[in-house]
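Have a look at the structure below, then the notes.
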Amino acid sequence: MDSDEKKKERLIAKKEEWAREKRGLSQQAREEGVWVRQNPLGRPTVKSKLPPGQHLVQGFPVLDLGTHPEIPLESWQLTITGLVNRPVTWTWKDFEALPKTQDTSDFHCVTTWSTFDNRWEGVSFRHLMETVQPLPEAVFVYSPVMMGIPLTFL
158 MDSDEKKKER LIAKKEEWAR EKRGLSQQAR EEGVWVRQNP LGRPTVKSKL
208 PPGQHLVQGF PVLDLGTHPE IPLESWQLTI TGLVNRPVTW TWKDFEALPK
258 TQDTSDFHCV TTWSTFDNRW EGVSFRHLME TVQPLPEAVF VYSPVMMGIP
308 LTFL
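For what it's worth, my numbering labels the leading residue of the sequence shown as 158, then goes sequentially.
Following this line, the structure appears as structure tokens:
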């Protein structure tokens, strides 16, 4: 194991230890068992928006172990192929040039936490689909992030 791998292993071990100890969490998060990174832009909200079984958090829980893939933007690509009229591959520069949209919405995670009034910005899924034009027989979208979601749902 080289020194970079050893550093990553030590980092993961330390973060797992902190997770067990609930270090770095607010008192509320410790009591509720919620992992919270505070969002200074969040505003107080009414609990009536909270679905049954969800816990309200401010910001987004930290759900990684601190290791992230290093992908140089010069080699980043997004490719959409399959049952589409216009398969496409965008570089980072191409993708950044696409029209962006802004949205404010609530987010309810399957791990039972929710956060309200999140501000999002980026290229819309709708724009991607209008660009590639799925064929009528296309039924699902598959990616490592969106595991087989029916197109009718999106």
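Glycine residues also receive a C-beta, built at the ideal position from the N, C-alpha and C atoms.
Put residue i into one of helix, strand or coil per three-state DSSP.
{"i": "Leu-168", "result": "helix"}
{"i": "Asp-260", "result": "strand"}
{"i": "Val-298", "result": "strand"}
State the Cα-Cα distance for the pair residue i and residue j, rounded to the nearest angstrom.
{"i": "Pro-229", "j": "Pro-208", "result": "39 Å"}
{"i": "Leu-222", "j": "Glu-166", "result": "10 Å"}
{"i": "Glu-227", "j": "Thr-261", "result": "29 Å"}
{"i": "Arg-194", "j": "Pro-218", "result": "The predicted model places Arg-194 with a pLDDT of 42, which falls under 50 and marks its position as unreliable, so this point remains unresolved."}
{"i": "Cys-266", "j": "Phe-252", "result": "27 Å"}
{"i": "Lys-163", "j": "Thr-288", "result": "44 Å"}
{"i": "Lys-204", "j": "Thr-238", "result": "Residue confidence for Lys-204 is low, a pLDDT of 44 falling below 50, so the modelled location carries little weight; the figure read from the coordinates is stated next. Using only the alpha carbons, I get a separation of about 42 Å."}
{"i": "Asp-161", "j": "Ala-170", "result": "14 Å"}
On the criterion of 16 or more Cβ atoms from any shown chain inside 10 Å, does residue i qualify as buried, or is it exposed?
{"i": "Val-298", "result": "buried"}
{"i": "Phe-273", "result": "buried"}
{"i": "Gln-215", "result": "buried"}
{"i": "Trp-270", "result": "buried"}
{"i": "Trp-277", "result": "exposed"}
Find out if the Cβ-Cβ distance for the pair residue i, residue j is shorter than 8 Å.
{"i": "His-284", "j": "Pro-244", "result": "no"}
{"i": "Thr-248", "j": "Gln-259", "result": "no"}
{"i": "Leu-292", "j": "Val-241", "result": "yes"}
{"i": "Phe-264", "j": "Asn-275", "result": "yes"}
{"i": "Thr-224", "j": "Thr-236", "result": "no"}
Length at least 4, wholly inside the region 201 to 277: the alpha helix (DSSP H) runs in chain order: 249 to 254
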